[in-house]
Amino acid sequence: MTQETVAPTSDAVLDREETISRDELEALQLSRLQHTVAYAYDRVPLYKRKFDEAGIHPADLRELSDLGKFPFTTKEDLRLEYPFGMFAVPQHEVARIHASSGTTGRATVVGYTKKDLADWAKLVARSLRASGVRPGMKVHNAYGYGLFTGGMGAHAGAEALGCTVIPISGGQTERQITLIQDFKPDAILATPTYLLTIADAMMKQGIDPASTSLKYAVLGAEPWTEEMRHELEVTMNLKACDIYGLSEVMGPGVAGEAVETQDGSHIWEDHFRPEIIDAFDPSVVLDDGEHGELVFTSLTKEALPIIRYRTKDLTRLLPGTARPAHRRMGRITGRSDDMIILRGVNLFPSQIEEIALRIPELSPHFQLELTRPEGHRMDQMTVKIERRESVTIESGAAAAKALQQQIKIHVGSSCAVDVVEPGSLERSNGKLRRIYDLRPKA
Ligand code: DLL
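In this text, residue positions in the sequence shown follow the numbering used here: the first is 10, and each later residue adds one.
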């Protein structure tokens with residue numbers, strides 16, 4: 010696709026698709042969607058089988074709402090078709106492969122044609138530009154390189170935008186700090202918890218994290234809260250924006266946040282059609298504004314077209330603002346498979362982050378431990394959280410009480426809080442693990 014451009018609305022030149030009307034966008038979506046479902050049906054046996062079983066045919070897709078009649082695709086489908094069964098092009102047309110680590114079961118494998126890679130780079134570039142990054146800026150890319158889509162996806166996007174990319178990858182935090190000081194990057198790309206690790210390590214070295222050259226951070230790959238944004242923006246003296254994506258749908262850049270509004274990521278709807286479904290009754294497609302599970306259908310992908318992929322990410326769709334035709338997604342509360350059920354109450358780690366960061370004595374470093382003490386029928390959750398460096402043990406203990414009370418009030422469940430020494434909990438190297446499930450296996 011040729012990349013048409015229009016006059017800048019601010020100091021940036023936007024893609025034409027960023028500025029089109031909603032009507033024009035929906036007409037584009039419909040024609041691309043009709044093509045994609047037919048393409049998937051003709052080329053991927055799993056889709057043919059699923060559509061036939063559901064008694065639906067690509068020709069039945071006459072308007073956008075007809076998409077709801079098509080069957081879902083899940084991670085399990087990709088696992089069953091491991092490694093290349095979902096690819097819609099012959100292997101020699103696949104230019105690159107990525108895969109998710111697959112903590113449970115087989116990895117899920119995804120592929121890209123040359124055009125897919127070009128579209129991906131364009132959408133990451135679009136996301137970075139929305140978040141304040143400009144051609145000519147130096148970009149420190151701390152997303153992990155390798156099979157994970159974060160490193161190479163962000164890299165290609167920053168290059169496509171015309172930036173100078175520093176491909177440091179994740180880890181080796183001391184070295185990251187040296188390079189930030191020596192190369193003086195304008196922007197950093199990382200997971201929010203890894204940026205926190207970097208800031209923390211700077212403070213340990215006596216470097217003020219607010220004194221670096223960094224002006225923009227583009228953060229994603231894990232849930233984070235407005236409170237965490239505030240923490241990082243103040244500590245590092247920069248503007249932090251969200252970037253969202255998942256490997257099955259593309260990688261980073263499915264959606265990106267505008268720095269002038271900082272009100273949630275705009276989904277790039279010229280390439281992806283989002284839906285929100287009721288996670289408990291998937292047959293129900295919810296209206297914009299209602300909370301549920303995010304589902305995506307790709308509109309332009311060649312190697313791995315994906316129809317109604319259930320992300321397990323819980324959020325809602327909101328009207329577009331900085332890019333009016335493209336709807337925004339609310340912050341992701343969590344993943345349905347990360348939900349803790351504590352004494353009948355549903356709970357996500359992001360809720361604890363939100364509450365804890367409003368208590369000045371507490372740091373953003375915390376873990377949730379789930380146990381079932383012997384002889385008890387009920388699960389127990391312990392929040393292990395570091396007090397801030399400047400806080401005494403006594404004030405930490407008072408803060409623990411406050412956190413316990415606030416969780417009871419806002420979440421509705423009792424838990425234990427253990428305020429621990431600064432620096433004692435494991436630091437993030439990328440996607441941070443928050444939940445430690447120590448309950449006896451059933
Ligand atoms: O994490 C892609 C990515 C890389 C996105 C770098 C942004 C930046 P996966 O490893 O397949 O891909 O994991 C996808 O991570 O379903 C969400 O649960 C979570 N996730 C990704 N971005 C965000 C975000 C990459 N901005 C899974 N906010 C998704 C909250 C996010 N969760």
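Note that the Cβ used here is the ideal one computed from N, Cα and C, for glycine as well. Computed from a predicted structure; not experimentally measured.
Counting Cβ pairs closer than 8 Å, one from the stretch 53–62 and one from the stretch 24–38, do we hit at least three? Cβ pair count under 8 Å is below three, so no.
Those runs of the beta strand (DSSP E) which lie wholly inside the stretch 364–436 and span at least 3 residues: Counting whole runs of 3 or more residues, the stretch 364–436 contains the beta strand (DSSP E) stretches 371–380, 389–396 and 425–429.
Regarding S136 and the ligand DLL, is the C-beta to nearest heavy atom distance less than 6 Å? For S136, the shortest separation between its Cβ and any heavy atom of the ligand DLL does not lie below 6 Å.
Could you tell me which uninterrupted beta strand (DSSP E) segments, each at least 3 residues in length, are contained entirely in the stretch 116–201, listed from first to last along the chain? Those beta strand (DSSP E) runs which fall completely within the stretch 116–201 and span 3+ residues are 118–121, 147–150, 173–175 and 196–199.
Quick one: Cα of A165 to Cα of L255, how far? Their Cα atoms are separated by approximately 16 Å.
Determine the contact status of A208 and T244, defining contact as a CB-CB distance below 7 Å. Between A208 and T244, the C-beta spacing is below 7 Å.
What residue range is occupied by the uninterrupted beta strand (DSSP E) comprising R105? Annotation for R105: the continuous beta strand (DSSP E) segment containing it runs R105 to A108.
Y445 in three-state terms, based on DSSP: Y445: strand per DSSP, three-state reduction.
Nearest to G439 by alpha carbon, out of A97, D61, V133 and T158? Just measuring C-alpha positions, the residue of A97, D61, V133 and T158 sitting nearest G439 is T158.
Between E257 and T122, is the Cβ-Cβ spacing less than 7 Å? No, these two residues do not count as a Cβ contact at 7 Å.
Can you name the residues that DSSP bridges to V243? According to DSSP, V243 bridges with nothing at all.
Enumerate in chain order the residues of its own chain whose CB-to-CB distance from A134 is below 7 Å, with the five nearest sequence positions on each side excluded. Same-chain partners within the cutoff: G166, A169 and L170.
Can you tell me whether P261 sits near the ligand DLL, meaning its C-beta is under 6 Å from at least one heavy atom of the ligand? It does: the Cβ of P261 is within 6 Å (strictly closer) of some heavy atom of the ligand DLL.
Examine the ligand MN and report whether any of its heavy atoms sits within less than 6 Å of the Cβ of D51. Annotation note on the ligand MN: not contained in the displayed structure, which lists the ligand DLL as its ligands.
Exposed or buried, which one is R71 when buried takes at least 16 other CB atoms within 10 Å? Exposed: under 16 other Cβ atoms inside 10 Å.
In terms of residues, what are the limits of the alpha helix (DSSP H) holding K224? Here K224 belongs to no alpha helix (DSSP H), and DSSP marks it neither H nor E.
Verify the contact flag: L255, CB atom, against every heavy atom of the ligand DLL, threshold strictly below 6 Å. Within the chosen limit of 6 Å, the ligand DLL reaches the beta carbon of L255 through at least one heavy atom.
For the ligand DLL, any of its heavy atoms closer than 6 Å to the Cβ of G159? True, at least one ligand heavy atom lies under 6 Å from that Cβ.
From this set, L377, L323 and E102, which residue's C-alpha is nearest L126's C-alpha? Cα-wise, what sits closest to L126 is E102.
Closer than 6 Å: A230 CB and nearest the ligand DLL heavy atom: True, at least one ligand heavy atom lies under 6 Å from that Cβ.
Does the beta carbon of R115 fall short of 6 Å from some heavy atom of the ligand DLL? No, the beta carbon of R115 sits no closer than 6 Å to any heavy atom of the ligand DLL.
For G254, which of helix, strand or coil comes out of DSSP? Three-state result, G254: strand.
Out of D75, E299 and E240, point me to the one whose CA is closest to E370's CA. Measuring from the Cα of E370, the nearest candidate turns out to be E240.
Just to confirm, is the Cβ distance from T117 to R319 under 7 Å? No, the Cβ-Cβ distance between T117 and R319 is not below 7 Å.
Among residues of its own chain, excluding the 5 on either side of A97, which ones have a beta-carbon nearer than 6 Å to its beta-carbon? R52, V53 and P314.
Measuring only the C-alpha atoms, how far is V148 from G384? Those two C-alpha atoms are separated by around 54 Å.
Let me make sure I understand the geometry here. Which of S307, R344 and P333 has the alpha-carbon closest to that of K321? If you compare the alpha carbons of S307, R344 and P333 with that of K321, the shortest gap goes to R344.
Checking 7 Å against the spacing of the C-beta atoms, do E284 and S274 come in under that value? In this structure, E284 keeps its C-beta atom at 7 Å or more from the C-beta atom of S274.
May I ask which residues mark the beginning and end of the alpha helix (DSSP H) holding A36? Residues R31 to R52.
Rounded straight-line distance, which links the Cα of L295 to that of V354: Whole-angstrom Cα-Cα distance: 23 Å.
Status (buried if at least 16 other CB within 10 Å, exposed otherwise) for I276: It is buried - the Cβ of I276 has at least 16 other Cβ atoms within 10 Å.
Would the beta-carbon of Y91 be found less than 6 Å away from any heavy atom of the ligand DLL? Relative to the ligand DLL, even the nearest heavy atom lies 6 Å or more away from the CB of Y91.
So does the stretch 404–412 actually touch the stretch 171–185, counting three or more Cβ pairs closer than 8 Å? Cβ pair count under 8 Å is below three, so no.
Helix, strand or coil at G260 according to DSSP, with G and I counted as helix: In this structure, G260 counts as strand in the three-state DSSP scheme.
Give the straight-line distance between the Cα atoms of I177 and V227, rounded to the nearest whole angstrom. So the alpha carbons of these two residues sit roughly 15 Å apart.
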